[in-house]
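Q: Just dropping this structure here.
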Amino acid sequence: MHYPAHQVESKWRTWWETKKLYRAPDRVKGKKNFYHLVMFPYPSGDLHIGHWFNFAPADIWARWKRRSGKFNVLSPIGFDAFGLPAENAAIKGKLHPRVWTMQNIERMREQLKSMGAIYDWSREVVTCDPEYYRWNQWIFLQLFKHGLAYRAPVAANWCPQCKTVLANEQVVDGACERCHAPVVQKNVTQWLFKITAYTERLLKDLDGLDWPEQTKAMQRNWIGKSEGAIIAFPIAKFGSVIAGPSAWLGVNSAKQSRNQHEIAARPSGTRNDEHSIEVFTTRADTLFGATYIVLAPEHPFVGSVETAAKRKAVQRYLAAARRKTELERLAETKEKTGVFTGAYAINPVSGRKIPIWVSDYVLASYGTGAIMAVPAHDARDFAFAKAMKLPVVEVISPDAKPHRRVSRAYTDDGILVRSGAFSGMSSADGRRHIVASLAQEGLAKVTVQYRLRDWIISRQRYWGTPIPLVFCEACKKRAENIKNDAARHPEGATRPKDLEGLPRDPSLALRMTLSKGEMENPGWVSVPDKELPVLLPDIKEFKPTGTGQSPLARLKEFVSAKCPKCGGPAKRETDTMDTFVDSSWYYVRYADSHNNKRFADPEKVAAWLPVNMYIGGAEHSVLHLLYSRFFTKALFDLGHLKFQEPFRALRHQGFVLGEDNYKMSKSRGNVVSPDELVRRYGTDVMRLYLAFMGDWSKGGPWSSKGIEGMARFVRRLWDFFAQTKFSERELSAELRRLEHETVKKVGADIAGFQFNTAVSSLMVFFSRLQIEPAREAVKVFVQLLAPFAPHLAEELWQVVLKEKGSVHESPWPKYSKRTLQTGTVTIVVQVDGKVRERLTLPAGATERQALEAAWQSPKVVRYVTPETLKKSVFVPKRLLSLVRKRS
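So the mapping is simple: our numbering equals the position in the sequence shown, first residue as 1, plus 130.
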């Protein structure tokens, strides 16, 4: 019999919407609020199979949660609508970004509704709507006023074609992910958020989160906390001054006399001596094995330290390094490149002269921008040393013995060798004693470093949130006047009118007249809250300017402004915000998405936040999730939120691959169209197959045969319910036990995101119902099916079974432990893999009880006895596998 999927699904979606079935009020008597959230989509034009694999199984979980107890579940949705991809697509399609984006949102909204999810559409947010981005601007101003937003020149990924800064994830194989132009490194003055002020809290608070351990590890690695020491390496010259013995620790006087190196000045290391190179290391125990120094291409000494003979080679290398992103430079598989400067430094413990190189595998943004290279004990240094034919000296030994040959880097702790007076010490003791000795000479300082850098949030593009600041030259001069007031106008002298009434203490005067952000960024003035939003103008010429400025810079009526502080002429900031700003707080806005007086009402926020369960791709483990945590902590500190972590629990879905086991791509011809599949099979078949196709957290290859098989299963269901007269008789003991087992298994599997095994259990249950179609058990089956196939289940519940109300409003079925333990089961007994017996035991039999029964069977003891048993494996209700000892 034909199953009319589209007719059934359309009917029930309309009914749900009319009944407002999935609206989530802020409070429901007798129920506890539960906030379930999927990462909102970017409106790219169509929902792809990855969207479905995220959203549909996540909705299964939300539907189960809604019925599994007294929970008032909120599951909202919206669109992450600003950003570079929309602008580039609009340019390519010769459409305005707003037109392109809104058309896509309309299409994707209908696609999402066709999925049959329990989204509360009344709370929808669209980040390119002024109603939303007004509060982007308000949050920016809160951070700016408290010194957490500032302007500074930074080295950044720069796309020369798009004319904008790119985040690392927007650079693929050294090229812009959108226009494919080679990306270069460029110093650009940008607006940044001071996320580094939260490094320790971002690290510490990970421990209490119910997140995948791998995701927490990725955040820890991205923050990159390292406890170590800064050590000074004096720069060497030839000729007149000998390095003092105090600089060479653990080296005997005979060796000192042979090291006739001039030092430009006595090395001071932590005393900021300009003639020493400072390096940060966590492995001071390997210091005697440092055979060369490497400077990052951006290090301030590059350009001055190299000899005249090497200057051109260094300049050529710097030009090549600018074309690489930070991620490319850090890649383990990258071929190591570098250039010798012709200059040398002094190893402060051995007194040896070691060469100074420049290489892009060292980053200026981490540590000091210089490293001591120890090739025997660092894999990247080893690869570089081999490529450049530099010496490799073992100084840490796993067995306390020095070895003549080093075939690979030994990176673990061990015992110091070839390390002067420190030889024989453990790595831990060596680190401590070497740093302490150098510290006495002013050559070392214990410190902590972080890899995390402040978040660059400004973009030189059109399609984004305008930054709500103006630049006023008069206010900049006034701030300078306040700073210089005491010196220029001593007590009794006449002061300018704009300074009258202010205290002469400049720091106090500045605090009285300017916010912290205005003090730290002279001339930049906040747009008042009452003037928000600063609207993004609807302009025709939105393409990149080719000057490195935002297209907004060409719009005189936008740029020209009145200073809110002094009333004089001012210029608006024309950069727009990174789209990650939009997604760093959207989860809060869902609590009160249409409030035009504040970013969210505190009572509504308290009703829902923080998010109880957050679901989305692991590719967002670092940036989006880290930025959201930063925003939450900052807004907590500023008194706008009462919690410090946005997402209590987090789960990731895997990836759906093509049938050929490769990532789906148009070039491979293995892309699956969800729309076509829905047209052919209906939504519920899609939902069931996505749940059934494999481990949701890992993903796997798509199978056309698999979804066809699921379509046949649904047709069998439909035929069964259409053609079967259900019995009102008492359930048999076997069916009752299976019913309770299925209720327990399906609930536990959904709770653990094991959707595939839950569907398998439903199939087993259905097979039994075909033999014994008892109405009581059939009702339970439909209730369990409902999260997976919501439209079909509603039809079966209300039309076929004629039950009142929605199946999605019915409570989740309960199981009885007593029922699970009653009745008997057949347990197969294997000896060394061969079936030797079948035991009939109580359903709740334990392994001990099964073994006791096995020892009573002649068929078993003929092959194995308690004395000859090596091990046993017990699968409850199914199998007892016995393995004999080998004689």
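Cβ atoms here follow ideal geometry from the backbone N, Cα and C, with glycine treated the same way.
Alpha carbon to alpha carbon, what distance is there between residue 366 and residue 783?
A: Between residue 783 and residue 366, the C-alpha separation is close to 56 Å.
Q: Examine the Cβ distances between the stretch 755–773 and the stretch 174–190 and report whether three or more of them are shorter than 8 Å.
A: Touching, no.
Q: Within 7 Å (strictly less), CB to CB, does residue 303 reach chain B?
A: In summary, chain B is missing from the structure at hand, where a single protein chain is found.
Q: Decide if residue 254 is buried, meaning its Cβ has at least 16 other Cβ atoms within 10 Å, or exposed.
A: Flag for residue 254 reads buried.
Q: Of all the options 649, 740, 806 and 802, which has the alpha carbon lying nearest to the alpha carbon of residue 774?
A: Checking every option, the nearest Cα to that of residue 774 belongs to 740.
Q: Just to confirm the assignment, what range does the alpha helix (DSSP H) spanning residue 579 have?
A: Residue 579 -> not in any alpha helix (DSSP H); beta strand (DSSP E) instead, spanning 574–579.
Q: Among residues of its own chain, excluding the 5 on either side of residue 230, which ones have a beta-carbon nearer than 7 Å to its beta-carbon?
A: Hits under 7 Å: 216, 219, 220 and 223.
Q: Along the chain, where does the beta strand (DSSP E) containing residue 928 start, and where does it finish?
A: Per DSSP, residue 928 belongs to no beta strand (DSSP E) and is neither H nor E.
Q: Can you grab the Cα-Cα spacing for the pair residue 748 / residue 333, in whole Å?
A: When rounded, the distance between both Cα atoms is 18 Å.
Q: DSSP on residue 357, reduced to helix/strand/coil?
A: If DSSP states are grouped into helix, strand and coil, residue 357 belongs with the strands.
Q: Please confirm whether residue 923 and residue 908 have their CB atoms less than 7 Å apart.
A: For residue 923 and residue 908, no; Cβs fall outside 7 Å.
Q: Looking only at its chain, what residues have a beta carbon closer than 7 Å to the beta carbon of residue 857, apart from the 5 residues adjacent to it on each side?
A: Excluding sequence neighbours, residue 857 sits near 903, 904 and 905.
Q: Could I get the ranges of all uninterrupted beta strand (DSSP E) runs contained in the stretch 463–496, with 3 residues as the minimum, in chain order?
A: Entirely contained in the stretch 463–496, the beta strand (DSSP E) runs reaching 3 residues are, in chain order, 469–476 and 483–488.
Q: At a cut of 8 Å, does the stretch 240–256 reach the stretch 189–203 through at least three beta carbon pairs?
A: Contact between the stretch 240–256 and the stretch 189–203 is present, because at least three Cβ pairs lie under 8 Å.
Q: Is it right to say residue 531 is buried, meaning 16 or more other beta carbons lie within 10 angstroms of its own, or is it exposed?
A: Exposed.
Q: Starting from residue 502, trace the beta strand (DSSP E) both ways and give me its first and last residue.
A: Segment 500–503, the beta strand (DSSP E) holding residue 502.
Q: Return the residue from the list 996, 992 and 963 that minimises the CA-CA distance to residue 1009.
A: Comparing Cα-Cα distances from residue 1009 to each of 996, 992 and 963, the minimum goes to 963.
Q: Measure the Cβ-Cβ separation of residue 477 and residue 486 and say whether it is below 7 Å.
A: Cβ distance not < 7 Å, so residue 477 and residue 486 don't count as in contact.
Q: Thinking just about the alpha-carbon of each residue, which of 764, 737 and 955 is nearest to the one in residue 203?
A: Taking only the C-alpha atoms, the option nearest residue 203 is 737.
Q: Return the bridge partner residues of residue 662 from the DSSP annotation.
A: Looking at the DSSP assignment, residue 662 forms no beta bridge with any residue, so it has no partner.
Q: Whole-angstrom Cβ separation of residue 972 and residue 995, contact assumed at under 8 Å?
A: That pair is no contact at about 24 Å.
Q: Taking the continuous beta strand (DSSP E) assigned at residue 837, which residues delimit it?
A: Premise fails: residue 837 lies in the alpha helix (DSSP H), 834–853, not in any beta strand (DSSP E).
Q: Contact between the stretch 300–312 and the stretch 343–358: three or more CB pairs below 8 Å?
A: Contact between the stretch 300–312 and the stretch 343–358 is absent, because fewer than three Cβ pairs lie under 8 Å.
Q: Which word fits residue 402, buried or exposed, when buried means at least 16 other C-beta atoms lie within 10 angstroms of its C-beta?
A: At residue 402 the pLDDT is 41, less than 50, meaning the model places this residue with poor confidence; the figure from the coordinates comes in the next sentence. It is exposed - the Cβ of residue 402 has fewer than 16 other Cβ atoms within 10 Å.
Q: What did DSSP end up calling residue 725 once you bin it into helix, strand or coil?
A: Reduced to three states, the DSSP call for residue 725 is coil.
Q: Would you call the CB atoms of residue 414 and residue 359 closer than 7 Å?
A: Yes, these two residues count as a Cβ contact at 7 Å.
Q: Taking Cβ positions, are residue 940 and residue 870 nearer each other than 7 Å?
A: Result no, Cβ atoms of residue 940 and residue 870 do not sit closer than 7 Å.
Q: Can you list, in chain order, the residues of its chain whose CB lies under 6 Å from that of residue 166, leaving out five sequence neighbours each side?
A: Counting only Cβ-Cβ distances below 6 Å, and skipping sequence neighbours, we find 192, 203, 205 and 743.
Q: Once DSSP output is grouped into helix, strand and coil, what is the label at residue 334?
A: Residue 334: helix per DSSP, three-state reduction.
Q: On the three-pair Cβ rule with 8 Å, is the stretch 716–736 touching the stretch 256–275?
A: Output reads yes: the stretch 256–275 touches the stretch 716–736.
Q: With a CB to CB cut of under 7 Å and the five nearest residues on each side skipped, what residues in its chain are close to residue 865?
A: Excluding residues within five positions, the ones whose Cβ falls inside 7 Å are 898, 902, 904 and 907.
Q: Since I believe residue 990 is in contact with residue 959 (beta carbons under 8 Å), could you give me their beta-carbon distance rounded to a whole number of angstroms?
A: So it is a contact: roughly 6 Å between Cβ atoms.
Q: What's the call for residue 594, buried or exposed, on a 16-neighbour Cβ count within 10 Å?
A: Answer is buried; the Cβ neighbour count reaches 16.
Q: According to DSSP, is residue 316 part of a helix, a strand, or is it coil?
A: Note: residue 316 maps to strand in three-state DSSP.
Q: Which residue or residues does DSSP assign as beta-bridge partners of residue 189?
A: DSSP output for residue 189 lists no bridge partner at all.
Q: Residue 669: buried (16+ other C-beta within 10 angstroms of its C-beta) or exposed?
A: Exposed: under 16 other Cβ atoms inside 10 Å.
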